[in-house]
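These notes concern the structure reproduced below.
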Amino acid sequence: MYKEVAQKLFSFVKGSPTPFHVVQNISDTLEGEGFERLKEGSAWNIRPGGKYYVTRNGSSILAFKTGTQLENYSFHIAASHSDSPTFKLKENAQIDIKGKYTVLNTEGYGGMLCSTWFDRPLSLAGRVIVKEGNRLVSRLLNIDRDLLMIPSLAIHMNREVNEKQSLNKQKDMLPVCSGRTMDADALKNMVAEELGAEAKQIYGTDLYLYNREEPSIWGAEDEFISCPKLDDLECAYASLQGFLQGGNSETVSVYACFDNEEVGSGTKQGAASTFLCEVLTRVNAAMGKSPEELSRALASSFMLSCDNAHAVHPNYPEKTDVCNCVYMNEGIVIKSHAGQKYTSDAMSIALFKTICEKAGVPVQFFANRSDMNGGSTLGNIAMSQVSVNTVDIGLAQLAMHSSFETAGIKDAAYLVQASEAFFNSHICETDAGVYEVKNG
Ligand code: CO
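Each residue of the sequence shown is one higher than the one before, counting from 52 in our numbering.
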């Protein structure tokens, strides 16, 4: 069962080299499940018991299912992110090296581990704006072959590399594309050809490097999985399955996957944007409900902010907290932070533990060492727009922000189960400071 989930996760990751592909992939799944596409620019007609989704920028997506008994409804939201650290191609990208190579000019996107991008087959993917007459059409691009490589410098030319290595993104990280000087328009022509368009029709590009290494199940008992982008596609995939399988007649189930978490979420489609707030407001209004009823719904609403967590590293066990440290294959990680970079608090943890207990899913607790700053995530950022009870959770992994990350084979399946149980339940604020978890 775990291997099957892992294989499905792998094929999701392989089909999702950029956030644009993630959203296309999720949209295709939703269409297959009978979800109806809504456009932000059109009027919404929403029925009880309906299934809908809406995208923004082609790189963030919100899907929702409306219950059938929504007198005292609430939103149950599972949120994750669609982006991962990588390198973005600059507009003028071709650099000639001594007439013998062409390398591509890139800049960093997010906080990647640079060394993990060396010596492995890479390619380019993203979205391209193609001009067709008066229309500017967004098209997905994935050059599906081994196109690029960032070769290491030989140890003979850098004897101290194993003692100290500092990597400069403008000097050390540029991928080789060709063994000769490419024509000025060669890259544009390649992109156009892939899309069946002409180079002069290419008006804009958001193109990124991606790692083409094959995913792997490994370990003495096949207990580990490794592939690109586990942060956060493992959560994006697993919570989507839970969302599709679960549901409750008294709630509106919401699946959210936001772009730009790795660069602070502050974009028009990021978790800090108005996207979620506007969609929930419109759903409420389209069901013929008042702003007052929206406020009531939000008071009982609950969000899972799903983003991966650091497992104890076997070679660096001292880097994690003494007793709030987590391991792969041991269940969902609940993250806490006194300064509220993680949104979890006593009540949201208690609610989530109740749900996991019923579902028979193990949980474990993570906190950073008190003398270390951890990463941030999307939960507390989303709170400035939509303020609801939220718990920060994730799946334990190693090598976060490597181009090839490692996780436990069981944990994605645990999150499918836990998020399904979450969507099946109905959380109600029955009195001030009193919540009840009912099953649908
Ligand atoms: Co993440």
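Even glycine gets a Cβ: it sits at the ideal position worked out from N, Cα and C.
No experiment lies behind these values; they were computed from the predicted model shown.
Asked, Found
"Indicate, with yes or no, if ligand 1 has a heavy atom lying under 7 Å from the CB of H132.", "yes"
"Strictly by DSSP, which residues pair up with V181?", "V188, I253"
"For the stretch 339-378, which segments carrying the beta strand (DSSP E) assignment without a break, of at least 3 residues, lie completely within its bounds, in sequence order?", "353-357"
"Name the DSSP beta bridge partners of E480, please?", "Y486"
"Assuming A348 contacts N335 (C-beta within less than 8 Å), just tell me the rounded distance between them.", "7 Å"
"Just mark C278 as buried or exposed, buried being the case when its beta carbon has 16 or more other beta carbons within 10 Å.", "buried"
"Tell me whether N359 counts as near ligand 1, meaning its Cβ is closer than 7 Å to at least one heavy atom of that ligand.", "yes"
"Given 7 Å as the limit, tell me if T318 has its C-beta closer than that to any heavy atom belonging to ligand 1.", "no"
"Within its chain, find whatever has a CB closer than 7 Å to the CB of Y124; leave out the 5 residues flanking it on each side and keep chain order.", "G118, E301, T302, V303, A348"
"Compute the Euclidean distance between the alpha carbons of F229 and S93, then round it to the nearest angstrom.", "Looking at the sequence itself, residue 229 is Ser, so the reference to Phe does not match. The straight-line gap from Cα to Cα measures roughly 46 Å."
"Taking Cβ positions, are F138 and Y259 nearer each other than 8 Å?", "yes"
"Which term fits S217, buried or exposed, when burial requires 16 or more other beta carbons within 10 angstroms of its beta carbon?", "exposed"
"Determine the DSSP secondary structure at W269, reduced to helix, strand or coil.", "strand"
"Between the Cα of Y393 and those of N419, K90, E122, spot the shortest distance and give me the residue it belongs to.", "N419"
"From I206 to S166, what distance separates their C-alpha atoms?", "14 Å"
"Does ligand 1 have even one heavy atom less than 7 Å from the beta-carbon of T428?", "yes"
"Going along the chain, which residues of its own chain have a beta-carbon closer than 7 Å to the beta-carbon of S110, five neighbours each way excluded?", "P70, F71, V74, S133, D310, Q320"
"Scan the stretch 205-242 and note each continuous beta strand (DSSP E) run of 3 residues or more that stays entirely inside, going in chain order.", "227-229"
"Using DSSP's beta-bridge definition, name the partner residues of Y261.", "S174"
"Check whether the stretch 374-392 and the stretch 452-472 touch, using three or more Cβ-Cβ pairs below 8 Å as the test.", "yes"
"Just list the residues that DSSP pairs D147 with in beta bridges.", "T153"
"Quick check: G430 and S356, are their CB atoms within less than 8 Å of each other?", "yes"
"By the 10 Å Cβ neighbour count, where 16 or more other Cβ atoms means buried, how is M52 classified, buried or exposed?", "exposed"
"Name the one or two DSSP bridge partners that S277 has.", "S267, T457"
"Give a single yes or no on whether E285 has its beta carbon closer than 7 Å to a heavy atom of ligand 1.", "no"
"What is the DSSP secondary structure of T405, reduced to helix, strand or coil?", "helix"
"What's the gap between the Cα of T332 and the Cα of I148?", "54 Å"
"Which residue marks the beginning of the beta strand (DSSP E) containing G445, and which one marks its end?", "440-445"
"Does the beta-carbon of E264, which I'm using as the reference point, lie nearer than 7 Å to any heavy atom of ligand 1?", "no"
"For the beta strand (DSSP E) containing A463, list its first residue and its last residue.", "It is not in any beta strand (DSSP E) - A463 instead sits in the alpha helix (DSSP H) that spans 462-475."
"State yes or no: is the C-beta of Y261 within less than 8 Å of the C-beta of P68?", "yes"
"Give the secondary structure of I432 by DSSP, where H, G and I count as helix, E and B as strand, and everything else as coil.", "helix"
"Is there at least one non-hydrogen atom of ligand 1 closer than 7 Å to the beta-carbon of E369?", "no"
"Between R190 and the rest of its own chain, which residues show a CB-CB distance below 7 Å, the 5 nearest in sequence each way excluded?", "R178, V179, V181, L246"
"Does the distance between the C-beta of D310 and the nearest non-hydrogen atom of ligand 1 fall short of 7 Å?", "no"
"How is the beta strand (DSSP E) around T106 delimited, first residue to last?", "102-107"
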